[in-house]
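Enquirer:
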Amino acid sequence: MRLVRQIIFVFGNMMDENRARVVALVVAVVVVVVGVAGNVAAAQAAVTAADLQRVAGSLQMYVDALPQMAKIRGYGFQRGQAVPINLTIGMYQKTWKFHRDLPATPVFVYGQCPDSATFPGPTIMARHDVPLFVRWENHLPASHILPWDPTVPTAIPKNGGVPTVVHLHGSAHPPQSDGSAFAWFTAGFAEKGPAWTQATYRYPNVQPPGNLWYHDHALGLTRANLLAGLLGAYVIEKPEVDTPMDLPCDDDDLHLVIADRSFNVDGSLYMNSTGVAPNIHPQWAPEYFGEAITVNGKAWPFLVVHRRRYRLRILNASNARYFNVSLSNGLPIHVVGSDASYLSAPVTVSNLLLSPAEIFDVVVDFSQSPTAEVELLNSAPYPFPTGAAPGPLNGKVMKFVVQPNGPLDPPDNSTVPDHEVPYASVTALPPTTMTRYIVMYEYLTPTGQSTHLYINGLRLEDPVTETPKSGTTELWQVINLTGDNHPLHIHLGMFQAVKMQQLVNLQAFTDCMTAVNDAVKCNVDQHAVGPVVPVPDHEKTWKNVIKVPPGFVTSVVIAFKLKLGLLVTFKRFNCKVRNTNMPHDRIGRPIDRRRNSGQILLREGITRQTSAVLLNGRAAAAGVFIPGGCDDDNSRQQHSGQLLNPPRTHLRANATNNTKITIIFPYRVASVEE
Numbered sequence: 001m002r003l004v005r006q007i008i009f010v011f012g013n014m015m016d017e018n019r020a021r022v023v024a025l026v027v028a029v030v031v032v033v034v035g036v037a038g039n040v041a042a043a044q045a046a047v048t049a050a051d052l053q054r055v056a057g058s059l060q061m062y063v064d065a066l067p068q069m070a071k072i073r074g075y076g077f078q079r080g081q082a083v084p085i086n087l088t089i090g091m092y093q094k095t096w097k098f099h100r101d102l103p104a105t106p107v108f109v110y111g112q113c114p115d116s117a118t119f120p121g122p123t124i125m126a127r128h129d130v131p132l133f134v135r136w137e138n139h140l141p142a143s144h145i146l147p148w149d150p151t152v153p154t155a156i157p158k159n160g161g162v163p164t165v166v167h168l169h170g171s172a173h174p175p176q177s178d179g180s181a182f183a184w185f186t187a188g189f190a191e192k193g194p195a196w197t198q199a200t201y202r203y204p205n206v207q208p209p210g211n212l213w214y215h216d217h218a219l220g221l222t223r224a225n226l227l228a229g230l231l232g233a234y235v236i237e238k239p240e241v242d243t244p245m246d247l248p249c250d251d252d253d254l255h256l257v258i259a260d261r262s263f264n265v266d267g268s269l270y271m272n273s274t275g276v277a278p279n280i281h282p283q284w285a286p287e288y289f290g291e292a293i294t295v296n297g298k299a300w301p302f303l304v305v306h307r308r309r310y311r312l313r314i315l316n317a318s319n320a321r322y323f324n325v326s327l328s329n330g331l332p333i334h335v336v337g338s339d340a341s342y343l344s345a346p347v348t349v350s351n352l353l354l355s356p357a358e359i360f361d362v363v364v365d366f367s368q369s370p371t372a373e374v375e376l377l378n379s380a381p382y383p384f385p386t387g388a389a390p391g392p393l394n395g396k397v398m399k400f401v402v403q404p405n406g407p408l409d410p411p412d413n414s415t416v417p418d419h420e421v422p423y424a425s426v427t428a429l430p431p432t433t434m435t436r437y438i439v440m441y442e443y444l445t446p447t448g449q450s451t452h453l454y455i456n457g458l459r460l461e462d463p464v465t466e467t468p469k470s471g472t473t474e475l476w477q478v479i480n481l482t483g484d485n486h487p488l489h490i491h492l493g494m495f496q497a498v499k500m501q502q503l504v505n506l507q508a509f510t511d512c513m514t515a516v517n518d519a520v521k522c523n524v525d526q527h528a529v530g531p532v533v534p535v536p537d538h539e540k541t542w543k544n545v546i547k548v549p550p551g552f553v554t555s556v557v558i559a560f561k562l563k564l565g566l567l568v569t570f571k572r573f574n575c576k577v578r579n580t581n582m583p584h585d586r587i588g589r590p591i592d593r594r595r596n597s598g599q600i601l602l603r604e605g606i607t608r609q610t611s612a613v614l615l616n617g618r619a620a621a622a623g624v625f626i627p628g629g630c631d632d633d634n635s636r637q638q639h640s641g642q643l644l645n646p647p648r649t650h651l652r653a654n655a656t657n658n659t660k661i662t663i664i665f666p667y668r669v670a671s672v673e674e
């Protein structure tokens with residue numbers, strides 16, 4: 001079971017008695033679930049697993065080129081300095097071709113207009129410490145294209161419409177811009193959830209340079225809305241940190257957004273219409289495992305690469321599927337960063353395990369490839385870690401076609417640096433001041449079907465029990481009493497795992513916890529004496545998602561570094577954090593941890609996706625023609641962000657194809673001072 005309960009923690013404001021006294025921190029045990037059901041806009045006929053496998057199996061692999069989504073610059077320039085801008089991003093229904101041989105698929109997608117909206121949405125390139133303001137607009141239809149279940153806590157408008165709200169995953173921002181699951185709104189803001197406060201979100205971009213992503217976060221509908229396509233990548237760049245590393249850049253710096261999907265015969269997205277325990281939840285199911293593996297919106301695509309280094313920012317945007325990726329010819333993978341920060345130094349691995357909602361930043365040197373073709377493979381069982389082994393379909397992700405460097409290719413001067421950043425280690429922070437026990441429980445029917453999953457046995461309606469203080473560092477002992485590995489995600493903080501220790505006499509401990517719900521009274525120290533599994537070296541940095549194995553206690557250091565009204569500079573952390581401790585809407589209401597919202601882990605979050613401003617189909621301020629631009633009044637916004645490159649298929653000049661699509665807007669500007 002992949003969905004976990006989310007908690008809102010209340011921070012006591014020790015700084016200013018006259019200002020907001022509390023701020024909510026959302027903790028989402030990443031659960032990427034599939035939870036939405038019921039009220040199917042168009043009832044699906046009974047579909048079997050064999051039907052879904054037959055459709056997926058009919059699709060020939062490696063016939064569609066890997067697209068790259070548009071890159072949007074989330075800042076402007078004045079007198080050579082990066083400055084804040086405002087963007088307007090919409091959510092639209094359109095159709096998308098996932099495969100050459102599939103009919104066009106109805107999807108929900110982000111974009112500045114319907115024509116430019118893509119699956120996934122455009123990649124936003126933000127600048128460290130330069131705020132970005134995004135107005136998120138809902139242009140979705142009156143009913144959903146997928147089933148959803150009203151028997152789980154769900155945003156249900158009175159007058160129809162598809163509720164949405166955007167969460168920027170991993171960002172440090174004001175709580176009002178966090179995309180609370182209760183801050184949903186329908187088309188034209190006709191109806192709004194109880195926590196809705198504003199249409200424009202502010203992203204300060206104060207955390208270290210790294211990889212984030214944005215996605216829908218509406219209560220009870222996150223799973224369905226993400227499955228429909230409401231997700232995209234977000235990057236925070238800091239030239240003084242990024243540029244000296246000489247990592248691959250420009251056309252050699254690519255995003256791989258991996259997501260499993262199943263398709264009906266007519267090409268539409270499949271989501272179950274009947275739940276695993278329909279007498280309790282008619283449609284809700286705890287997990288979604290698609291038969292086809294898509295990357296950047298294409299099923300099993302291929303990418304032509306040359307014999308040079310490539311930077312690959314890999315995001316697992318699946319609902320519940322873990323990916324353990326490796327290269328078929330044994331090429332090493334050099335990990336340079338996580339989903340929140342660079343590492344202290346690169347770590348070379350042969351395979352890389354990604355949980356749902358997790359990102360790794362890697363470099364692959366295709367100049368060392370012994371073969372002309374390289375498959376990206378997956379070996380992770382599903383559910384992870386004790387489920388079925390992947391088969392011939394979900395065991396493959398994509399293919400790289402390695403070609404010689406062409407005469408028009410520039411020399412490869414990129415590197416895998418020896419050293420990266422000094423602030424990646426937990427030793428960069430003060431000692432922890434508080435220890436908390438966070439326990440994951442799963443509840444089953446007598447026949448073993450999952451019905452919900454709580455943290456510390458609490459429901460949505462229960463009062464807040466955990467109150468970390470802003471500006472402190474805590475140690476959380478996260479105890480997983482379920483049978484699955486669970487991704488853990490928090491809002492408004494940063495964290496990293498430091499230890500994973502197996503519990504002994506697990507059933508006795510579980511029985512005690514079920515009865516008492518108190519780890520100390522159940523003598524957790526006497527049970528947490530099993531083998532210690534080391535945290536992988538490539539995960540020893542600040543992260544947005546941590547994997548919590550079943551039957552283990554995972555020790556997690558969490559830094560709550562938002563200071564009210566202050567700009568705090570962490571000399572050892574090398575980043576600035578502005579205080580955003582303003583009262584969180586819905587304070588005192590823990591987020592339901594049930595698997596009801598199949599969301600990819602993040603329940604109270606905000607997202608932001610930016611779109612390029614195009615004037616009459618041309619890039620603003622540059623006069624370069626961009627095919628498929630937005631030619632309407634909504635896209636003619638001053639300072640609304642410039643398109644770095646449009647949605648495209650990644651092609652480089654070579655012996656058989658001299659097409660090279662590039663845009664002249666540089667987004668790496670080493671000379672710009674911040």
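Counting from 1, one number per residue, gives the positions in the sequence shown under UniProt numbering.
Glycine is no exception: its CB is placed at the ideal position from the N, C-alpha and C atoms.
If we count the other Cβ atoms within 10 Å of its Cβ and call it buried at 16 or more, is glutamate 287 buried or exposed?
Expert: buried
Enquirer: Can you tell me where the beta strand (DSSP E) with proline 122 in it begins and where it stops?
Expert: Segment 121–127, the beta strand (DSSP E) holding proline 122.
Enquirer: Report the residue from Asp412, Asp361 and Pro301 whose alpha carbon sits nearest the alpha carbon of glutamate 373.
Expert: Pro301
Enquirer: Which residues share a DSSP beta bridge with methionine 513?
Expert: Paired residue(s): none; methionine 513 is not in a bridge.
Enquirer: I believe alanine 357 touches proline 446 by the beta-carbon criterion, under 8 Å. Please report the beta-carbon distance rounded to the nearest angstrom.
Expert: Not a contact, Cβ separation roughly 32 Å.
Enquirer: Going by CA-CA distance only, name the one from Phe384, Leu331 and Val335 that's closest to proline 370.
Expert: Leu331
Enquirer: Counting along the chain, where does the beta strand (DSSP E) carrying alanine 497 start and finish?
Expert: 494–502
Enquirer: Taking three-plus beta-carbon pairs below 8 Å as touching, is the stretch 231–248 in contact with the stretch 187–194?
Expert: no
Enquirer: Counting pairs of beta carbons, one from the stretch 169–178 and one from the stretch 91–109, are three or more of them closer than 8 Å?
Expert: As far as the Cβ criterion goes, the stretch 169–178 does not touch the stretch 91–109, which means the pair count is below three.
Enquirer: Given threonine 348, which residues of its chain have a CB within under 8 Å of its CB, disregarding the five upstream and five downstream residues?
Expert: Pro332, Ile333, His334 and Val335
Enquirer: Find out if the Cβ-Cβ distance for the pair tyrosine 234, leucine 254 is shorter than 9 Å.
Expert: In this structure, leucine 254 does not lie closer than 9 Å to tyrosine 234 by Cβ.
Enquirer: Whose C-beta lies closer than 8 Å to the C-beta of glutamine 53 among residues of the same chain, with five residues either side of it excluded?
Expert: Glu291 and Leu393
Enquirer: When the Cα atoms are used, what is the spatial distance from tyrosine 441 to threonine 541?
Expert: 28 Å
Enquirer: Rounded to the nearest angstrom, what separates alanine 340 and glycine 210 at their Cα positions?
Expert: Distance between the alpha carbons of alanine 340 and glycine 210: 5 Å.
Enquirer: Under the three-state reduction of DSSP, which class applies to alanine 324: helix, strand or coil?
Expert: It should be pointed out that residue 324 corresponds to asparagine in this sequence rather than to alanine. Asparagine 324: strand per DSSP, three-state reduction.
Enquirer: What is the DSSP secondary structure of phenylalanine 133, counted as helix, strand or coil?
Expert: Here phenylalanine 133 sits in strand by DSSP.
Enquirer: What does DSSP give as the partner residues of threonine 200 in its beta bridges?
Expert: Arg135, per the DSSP bridge assignment.
Enquirer: What are the residues that DSSP puts in a beta bridge with serine 58?
Expert: BP columns for serine 58 are empty, so no partner.
Enquirer: Tyrosine 310 and valine 397: beta carbons closer than 9 Å?
Expert: no
Enquirer: Going by DSSP in three states, proline 244 sits in which element: helix, strand or coil?
Expert: helix
Enquirer: So, at 7 Å on beta carbons, what are the nonlocal neighbours of proline 550 in its own chain, with the 5 sequence-adjacent residues on each side left out?
Expert: Hits under 7 Å: Asn480, Thr482, Gly483, Asp484 and Asn485.
Enquirer: Nearest CA to the CA of valine 304: which residue from Val504, Val401 and Pro244?
Expert: Val401
Enquirer: Are the CB atoms of isoleucine 438 and glycine 493 within a distance shorter than 9 Å?
Expert: For the 9 Å CB-CB criterion, glycine 493 and isoleucine 438 do not form a contact.
Enquirer: Between threonine 88 and methionine 245, is the Cβ-Cβ spacing less than 9 Å?
Expert: no
Enquirer: Once the 5 residues before and after arginine 202 are set aside, which same chain residues still bring their CB inside 7 Å of it?
Expert: Pro131, Phe133, His173, Pro174 and Ser177
Enquirer: With H, G and I counted as helix, E and B as strand and the rest as coil, what does DSSP make of residue 706?
Expert: The shown model of the chain, from 1 to 674, leaves out residue 706, and the question about it has no answer.
Enquirer: Could you check which residue in Trp136, Asn456, Tyr270 and Asn316 has the C-alpha nearest to that of proline 147?
Expert: Tyr270
Enquirer: Taking the alpha helix (DSSP H) that glutamine 526 belongs to, which residues open and close that run?
Expert: 524–527
Enquirer: I'd like to confirm the pairing. Which residues does DSSP put opposite asparagine 316 in its beta bridges?
Expert: Looking at the DSSP assignment, asparagine 316 forms a beta bridge with Ile258.
Enquirer: Can you tell me the Cα-Cα spacing of valine 295 and isoleucine 258, whole angstroms?
Expert: 5 Å
Enquirer: Under a Cβ-count criterion, where at least 16 other Cβ atoms within 10 Å of its own Cβ denotes burial, should histidine 419 be classed as buried or exposed?
Expert: exposed
Enquirer: Whose C-beta lies closer than 7 Å to the C-beta of lysine 94 among residues of the same chain, with five residues either side of it excluded?
Expert: Taken in chain order, the residues that qualify are Val107, Val109, Pro114 and Ala117.
Enquirer: Assign aspartate 511 to one of two classes, buried (16 or more other C-beta atoms within 10 Å of its C-beta) or exposed (fewer than that).
Expert: exposed
Enquirer: Strictly by DSSP, which residues pair up with leucine 102?
Expert: None, per the DSSP bridge assignment.
Enquirer: Are there any heavy atoms of the ligand NAD lying less than 8 Å away from the beta-carbon of leucine 132, as far as the coordinates show?
Expert: Inclusion of the ligand NAD in the displayed structure is not the case, the ligand content being empty and no account of it being possible.
Enquirer: Which residues in the same chain have their Cβ closer than 6 Å to the Cβ of glutamate 474, if we skip the five residues on either side of it in sequence?
Expert: Thr432, Met434, Pro468 and Ile558
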